[in-house]
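If you're matching them up, the sequences are chains A and B in order. Just so we're aligned: the first sequence equals residues 29 to 408 in our numbering. Just so we're aligned: the second sequence equals residues 29 to 283 in our numbering. A virtual CB, placed ideally from N, CA and C, is assigned to each residue, including glycine. Below: the structure, in structure tokens.
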Amino acid sequence: MPVIDATGRPPAVPAPSAPVRSRDPEAHPVPTGREEAWRFTPLRPLKPLIAGQEPDGKIDISVAAPEGVEVEFVDSGDPRVGRVLTPVDRVAAFATVRAGGAVAVTVPAEAELTEPVMVALRGEGVVCYSHLAIEVGPFARATVVLDHTGTAKYAGNVEVYVGHGASVTFVSLQDWDDDAVHAGAHAFSLGRDAKLRATHITLGGQLVRLNPTVDYRGPGGDAELAGLFFTDAGQHQEHRLLVTHQERNCRSRVTYKGALRGAGAHSVWIGDVLIGADAVGTDTYEINRNLVLTDGARADSVPNLEILTGEVAGAGHASATGRFDDEVLFYLMTRGIPADEARRLVVRGFFGEVLDRVGIESLRARVTAAVDAELAAVGS
Amino acid sequence: MSTLEIQNLHVTVETDGEGPREILKGVDLTVRKGETHAIMGPNGSGKSTLSYSIAGHPKYTVTEGSITLDGEDVLAMSVDARARAGIFLAMQYPVEVPGVSVSNFLRTSATAVRGEAPKLRLWIKEVKEAMKDLEVDPAFAERGVNEGFSGGEKKRHEILQMTLLKPKIAILDETDSGLDVDALRVVSAGINTVRAAGETGTLLITHYTRILRYVQPEFVHVMAGGKIVDEGGPELAATLEEGGYDKYVKFSEAA
């Protein structure tokens, strides 16, 4: 029997208490694994990053940006560093400290980028850290793609400031080799009436633990966070989302879909939404769906919603984890469709909603091909 | 000449904790191209088991007997191979396949069964006409398969697939159940169009005689207790309409 956990039941644990927020690694306790924030995570692979081990080298970062976009390496005293992101754990604090500065990408106000900013991050097999600070000026439109490949033990911070009235599409693809370890704090701040479409796609890695957070720096912000993960045997893929509504009339949507296969495949999805007392008119909904393809996989899914005002426009969440339905497989096969093709059809259909948001056709095709390849290995 | 031949078919199903239970206890049946057979019987007589066993549902185990299509051993084929060989099962309760559009599903299925992708322009025309005949809204094509379909829509969708896949043998498992008269009329007309082409043998599985007024069978078989206990022409259906299954149920209990 597969172990399927947290199928939409109320969380057994209270919403997390406010964590320490500091850039100083030593201000954060060393996790033991008993903390709410760490209870799902295997700590052993993360040890060098929790200890803040000196980097053995760098992650190879190359940025291809359209004209007008400024790319520079700045020291960590630069005002763009930490404007959005304040570390809430040791690993994130070390990421900035050990990176020794940040790659800053600045999209000027009112720029309308027709091509995406492509950030390729290639792991060279060593302990490494980086910090990426992206600022999109007021009323600009930009697409930013992070493409993680290779292998590393890597702590990477990313902060994105979406200026007022700006619109940003952000994609982070974790297409790591099987032995990569990646801990990432991805923080987004939205100015007044800003719009964000962020998608996290996690396909590879031994352990991937991402912490996307959203806050609003003015009213009228609109954030849609989507995610797709395909967790294989022995992989741990964890997405911990926190959306903090402190401003009026902001909107957030969180849609994460995962497929799991193989012994020891473990996915974790945490969806925390906090609606502050002043955040009247908030409209939020979060959903996580997981499809368990084989026995021996485990999906943890914990939505949390904390509401401190009575005047919300909407607030809800849903979570469901289910097995691949054998009756669906039978139905498709009675129409002549071979088992592997039937699985492909169903999983593509399941992920379609998230894939449709990617927007960039070449990336979509690459992810679809990767998902198909994963499925081919499931066999019959 | 397509012929489905079922000989001495014994089928068991696994029960919770009580080991396998025999549902079919020696069924003999031959269906030829162009013929329409009705299989009637009370609940629990094994009608649905027969249809699922022909299609190859993994829940059912054939312990004895044979099923052949034009001499080929159907039991040796996987579920999808059976469909490609020309066996079609219209389900009583078709399942939802979320996120897979009807148009994608139909095309994938037609490609698999025909062995090559149908030419796009011709295909679109073919689907459009079949949908029109079955009074299916064209917007239907972009919906997820069976997702949020009403009972009648599901059955129309099943017959739409039958129309497009042109099977050698079509098994219609209680296609009439849950249909109002208007839907029954449309669905029956769809079935009759396929029959009229003369290339398909039809096995109509039903509890009630109502659909037989629209889709007239040449042969009627009565199932009870996992066996065919009576056979005849259309007049047998008329007798059943009046007398019900009482005498067969008693018969099977006595046996």
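{"query": "Mind checking which residues open and close the alpha helix (DSSP H) that includes TRP151 of chain B?", "result": "148-161"}
{"query": "Which residues mark the beginning and the end of the alpha helix (DSSP H) in which PRO76 of chain A is found?", "result": "75-78"}
{"query": "Tell me whether PHE216 of chain A is buried or exposed, calling it buried when 16 or more other Cβ atoms sit within 10 Å of its Cβ.", "result": "buried"}
{"query": "So, is VAL382 of chain A buried or exposed, given that buried needs 16 or more other C-beta atoms within 10 angstroms?", "result": "buried"}
{"query": "By a C-beta neighbour count over all protein chains shown, 10 Å radius and 16 as the cutoff for buried, is SER178 of chain B buried or exposed?", "result": "exposed"}
{"query": "Runs of 3 residues minimum, wholly inside the segment 222-269 of chain A: which ones carry the beta strand (DSSP E) assignment?", "result": "223-230, 235-244, 250-259"}
{"query": "Return the CA-CA distance between PRO136 of chain A and ASP300 of chain A, expressed in angstroms with no decimal places.", "result": "32 angstroms"}
{"query": "Please state if the CB of ALA158 of chain B and the CB of THR191 of chain B are separated by a distance shorter than 8 angstroms.", "result": "yes"}
{"query": "Considering only heavy atoms of the ligand HEM, does any lie closer than 7 angstroms to the CB of PRO195 of chain B?", "result": "Ligands are entirely absent from the displayed structure, and the ligand HEM is therefore not among its contents."}
{"query": "Identify, in the order they occur along the chain, each residue of the same chain with its Cβ nearer than 8 angstroms to the Cβ of ASP84 of chain A, setting aside the five sequence neighbours on each side.", "result": "VAL154, VAL155, CYS156"}
{"query": "Per DSSP, which one or two residues make a beta bridge with TYR121 of chain B?", "result": "The partner list for TYR121 of chain B (beta bridge, DSSP) is empty, contrary to what the question assumes."}
{"query": "Taking only beta-carbon atoms, is SER178 of chain B less than 8 angstroms away from chain A?", "result": "no"}
{"query": "Kindly indicate the opening and closing residues of the beta strand (DSSP E) around LEU232 of chain B.", "result": "229-234"}
{"query": "Using only CA atoms, which one of B:LYS87, B:VAL59, B:LEU117, B:SER131 lies nearest to LYS183 of chain B?", "result": "B:LEU117"}
{"query": "Give the residues from the segment 230-262 of chain A that approach chain B closer than 7 angstroms (Cβ to any Cβ), ordered along the chain.", "result": "none"}
{"query": "Quick check: the Cα distance between ASN36 of chain B and GLY176 of chain B, rounded to an integer number of angstroms?", "result": "40 angstroms"}
{"query": "Within the same chain, show all residues whose beta-carbon is closer than 6 angstroms to that of PRO38 of chain A, passing over the 5 residues directly before and after it, in chain order.", "result": "Confidence is the limiting factor: at PRO38 of chain A the pLDDT is only 42, short of 50, which leaves the residue's position unreliable and the question unanswerable from this model."}
{"query": "Which whole runs of the beta strand (DSSP E) in the segment 185-209 of chain A are 3 residues long or more, in chain order?", "result": "195-202"}
{"query": "Going along chain B in order, which residues have a C-beta closer than 9 angstroms to the C-beta of VAL374 of chain A?", "result": "VAL125, PRO126, GLY127, VAL128"}
{"query": "Ignore the nearest five residues each way along the sequence and tell me which others in PRO126 of chain B's own chain have a CB closer than 7 angstroms to its CB.", "result": "GLY172, GLU175"}
{"query": "Taking Cβ-Cβ distances below 7 angstroms as the criterion, which residues of the segment 130-164 of chain B are in contact with chain A?", "result": "THR136, SER137, ALA140, VAL141"}
{"query": "Considering only their Cβ atoms, is the gap separating SER137 of chain B from GLY342 of chain A smaller than 8 angstroms?", "result": "no"}
{"query": "What are the start and end residues of the beta strand (DSSP E) that includes SER81 of chain B?", "result": "That residue, SER81 of chain B, is in no beta strand (DSSP E); its alpha helix (DSSP H) goes 75-83."}
{"query": "Would you call the segment 43-55 of chain B in contact with the segment 72-81 of chain B, where contact means no fewer than 3 C-beta pairs closer than 8 angstroms?", "result": "yes"}
{"query": "Strictly below 7 angstroms CB to CB, what residues from chain B border THR362 of chain A?", "result": "ALA83, VAL107, ALA111, LEU117"}
{"query": "Write down every uninterrupted run of the alpha helix (DSSP H) in the segment 248-281 of chain B whose length is 4 residues or greater and which is fully enclosed by it, in chain order.", "result": "262-271"}
{"query": "Since I believe PRO115 of chain A is in contact with ALA213 of chain A (beta carbons under 8 angstroms), could you give me their beta-carbon distance rounded to a whole number of angstroms?", "result": "6 angstroms"}
{"query": "Can you tell me where the beta strand (DSSP E) with GLU402 of chain A in it begins and where it stops?", "result": "Here GLU402 of chain A belongs to no beta strand (DSSP E); instead the alpha helix (DSSP H) covers 389-404."}
{"query": "What does ASP353 of chain A reach in chain B if we use C-beta pairs closer than 8 angstroms?", "result": "VAL123"}
{"query": "In the DSSP assignment, the alpha helix (DSSP H) including ASN220 of chain B goes from what residue to what residue?", "result": "209-224"}
{"query": "Could you name the residues of chain B that VAL356 of chain A contacts, counting a contact when the two beta carbons are closer than 7 angstroms?", "result": "VAL123, VAL125"}
{"query": "Look at LEU232 of chain B and VAL222 of chain B and say whether their C-beta atoms are less than 8 angstroms apart.", "result": "no"}
{"query": "Near ALA305 of chain A, which residues of its chain fall below 8 angstroms by C-beta distance, leaving aside the five closest residues on each side in sequence?", "result": "LEU336, THR337"}
{"query": "Considering only DSSP beta bridges, list what GLN35 of chain B is partnered with.", "result": "B:SER94"}
{"query": "Using a beta-carbon distance below 8 angstroms, is GLN189 of chain B in contact with chain A?", "result": "yes"}
{"query": "Given GLU46 of chain B, which residues of its chain have a CB within under 7 angstroms of its CB, disregarding the five upstream and five downstream residues?", "result": "none"}
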